[in-house]
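The structure appears below as structure tokens.
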Amino acid sequence: MPKDNASKPKLRDGVMKRGKTWSYVIRVTDPETGLSKPKWVGGYASEDEAKAARDEARVKARRGEYIDRNAITVGEYLDQWIEAHEVEIKPRTLASYRTMIRLYVKPHIGGMRLQAVRPATVSKLYRDLRAHGGEGGKPLGIATVTRTHAILRKAFGDAVLVDEILPSNPVERAKRPRADHAEPGAVWSIEQLRTFLVAVRRHRLFAFYRLAAYTGARRGELLNLRWSNVDLDGLRITITGSTGVVAGQRVEGTTKSGRSRVVTIDAETAAVLKAHRKAQVAEKLLVGDEWKGAEDGYVFATTLGEPIHPDSVGWLMTKTIRAYNAPKDGPRPAEPLPHARVHDLRHIHATALLLARVPVHIVAARLGHADPAITLRVYAHVVRSAEVSAAETFAAVMEETG
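The numbering of the sequence shown is the working numbering, which starts it at 3 and goes up by one.
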């Protein structure tokens, strides 16, 4: 007997019921072969939903914008994305990305299908993080949420442009909490900086703090400096890379901008570096065969010539400040030094130059900022102060010539 086809599902204009849900089929062009082939997509609750999805898919297919359905989750995609970028991302940055994704993304949206994420999904993530995303359910700081946003924007951007599994980037349209840019405070005055440099002068790493204060270079940049990068006669150093800490280990990479730069130094700082090099040569002769430094050794190294762990210079700075404030012998200073970090020496350098009306683009070049706009944004309060001074100067000139 002929089979009864009356109960079989029928395809009507590319839509049909398959089991309990509705599906549609369209023809899409394979980008590799150029051939047209049918593409089935199912799982719709009603015929109308399937038709609406079919119509949208047809339009995208005609434009060459059709994206296949993909079951990959946010967590799975981010794992693949991190692995694919291991070579090009600095180790310290990579470790930070992994931590941020593990703590702030996966617990919230890691199990969602990547293609199901909408701008509202990401906006809610940011609100949840701000409200209770920190340790023990505490509110998470705006800076951490902003870094999370930056990571997601890059990853989802690659899902659109590189992997082509998203039609658009939902992170770009998400609403994230905003906050005014934090301006670095004036931790120390110039006089306090002088006091610290005097206090640390007897230490074998005095030249490090002198160079940090007088160039505005980052901690990692100076700890990566080799003697071949130092031109004492030309009064300049060339910063070519940086050193950081990942999982407690010292690692090296490029500078923050990825580019090298030349920073001029004054004659007295050059003299300090000459004395430092002389002392390092004496250390090498003293230890003899135990010396572990390379031919083109680090400017700042241990007594055996090995590279210094970045945390060491921070601890030494704290120890020096504490010793100054509470000396073992003699009275305590009338004005103790506030606690400061190595990075604060960079801020003092930039602030002093801007208040002295050194052009912003020159300050930006010394600091290694890719764009003077970054310097203007970070040190906006200093620039505003200089503007007030400029207004008073102009008024004084007008009075003198009036």
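A virtual CB, placed ideally from N, CA and C, is assigned to each residue, including glycine. Values in this document were obtained by computation on a predicted structure and should not be read as measured data.
Bridge partner(s) assigned by DSSP for methionine 18: Its beta-bridge partners are Ser25.
Buried or exposed (CB count within 10 angstroms, at least 16 for buried), methionine 400: Using a 10 angstroms sphere on the CB of methionine 400, the tally of other CB atoms stays under 16, which defines it as exposed.
At least 3 beta-carbon pairs within less than 8 Å: the stretch 257 to 273 vs the stretch 359 to 371: Using a Cβ-Cβ distance cut-off of 8 Å, the stretch 257 to 273 and the stretch 359 to 371 are in contact, since at least three pairs of beta carbons, one from each stretch, lie closer than that value.
Residue range of the unbroken beta strand (DSSP E) whose run includes glutamine 251: Looking at the DSSP string, the run of the beta strand (DSSP E) that includes glutamine 251 is 251 to 255.
Contact check, histidine 344 vs valine 315, beta carbons under 8 Å: The sequence given here places valine at residue 344; histidine does not occur at that position. In this structure, the beta-carbon distance from valine 344 to valine 315 falls below 8 Å.
Exposed unless 16 or more other CB atoms sit within 10 angstroms - verdict on isoleucine 350: Note on isoleucine 350: 16 or more other CB atoms within 10 angstroms of its CB, so buried under the neighbour-count rule.
C-alpha distance - leucine 195 paired with aspartate 291, whole-angstrom precision: Here the alpha carbon of leucine 195 sits roughly 39 Å from the alpha carbon of aspartate 291.
Isoleucine 241 burial status per 10 Å Cβ neighbour count (16 or more: buried): Isoleucine 241 comes out buried.
Neighbour-count burial assignment, arginine 348, 16 or more Cβ in a 10 Å radius: Here arginine 348 is buried: its Cβ has 16 or more other Cβ atoms, across all protein chains shown, within 10 Å.
Glycine 299 burial status per 10 Å Cβ neighbour count (16 or more: buried): The residue is buried, with at least 16 neighbouring Cβ atoms inside 10 Å.
Three-way DSSP call (helix, strand, coil) for serine 244 in this model: Serine 244 falls in the strand class under three-state DSSP.
Assigned secondary structure, valine 61 (DSSP; H/G/I helix, E/B strand, else coil): In this structure, valine 61 counts as helix in the three-state DSSP scheme.
Beta-carbon gap between isoleucine 153 and threonine 217 smaller than 8 Å: Result no, Cβ atoms of isoleucine 153 and threonine 217 do not sit closer than 8 Å.
Methionine 3, DSSP secondary structure in three states: Note that methionine 3 scores 49 on pLDDT, short of 50, meaning its location in the model is unreliable; the coordinates nonetheless yield the value given after this. Looking at methionine 3 - three-state DSSP - the assignment turns out to be coil, as it is neither helix nor strand.
Nearest candidate by alpha-carbon position, reference glutamate 58, set Leu355, Leu37, Arg29: The residue from Leu355, Leu37, Arg29 with its alpha-carbon nearest to that of glutamate 58 is Arg29.
Rounded separation between valine 380 and valine 189 - CA only: Taking the straight line joining both Cα atoms gives about 15 Å.
Bridge-paired residues (DSSP) for proline 172: In DSSP, proline 172 forms no bridge with anything.
Nearest candidate by alpha-carbon position, reference tyrosine 231, set Leu224, Leu225, Ile239: A quick correction: the sequence has asparagine, not tyrosine, at residue 231. If you compare the alpha carbons of Leu224, Leu225, Ile239 with that of asparagine 231, the shortest gap goes to Ile239.
Cβ contact check for the stretch 353 to 362 and the stretch 324 to 342: 3 or more pairs under 8 Å: In short, these stretches do not touch, since the Cβ pair count stays below three.
Contact under 8 Å by Cβ, glycine 77 with lysine 108: Yes, the Cβ-Cβ distance between glycine 77 and lysine 108 is below 8 Å.
C-beta contact flag for threonine 271 and arginine 206 at 8 Å: No. Outside cutoff.
Inter-stretch contact at 8 Å, needing at least 3 Cβ pairs: the stretch 86 to 94 / the stretch 136 to 150: Judged by Cβ distances under 8 Å, the stretch 86 to 94 makes no contact with the stretch 136 to 150, as fewer than three pairs qualify.
Rounded straight-line distance, which links the Cα of lysine 276 to that of glycine 236: In this structure, the straight-line span from the alpha carbon of glycine 236 to that of lysine 276 is close to 13 Å.
Buried versus exposed call for isoleucine 192 [16 or more other C-beta atoms within 10 Å across all chains shown]: The residue in question, isoleucine 192, is exposed, as its Cβ has fewer than 16 Cβ neighbours within 10 Å.
Assigned secondary structure, threonine 75 (DSSP; H/G/I helix, E/B strand, else coil): Correct three-state label for threonine 75: strand.
Valine 264 - containing beta strand (DSSP E), residue span: DSSP places valine 264 in the uninterrupted beta strand (DSSP E) bounded by 263 to 266.
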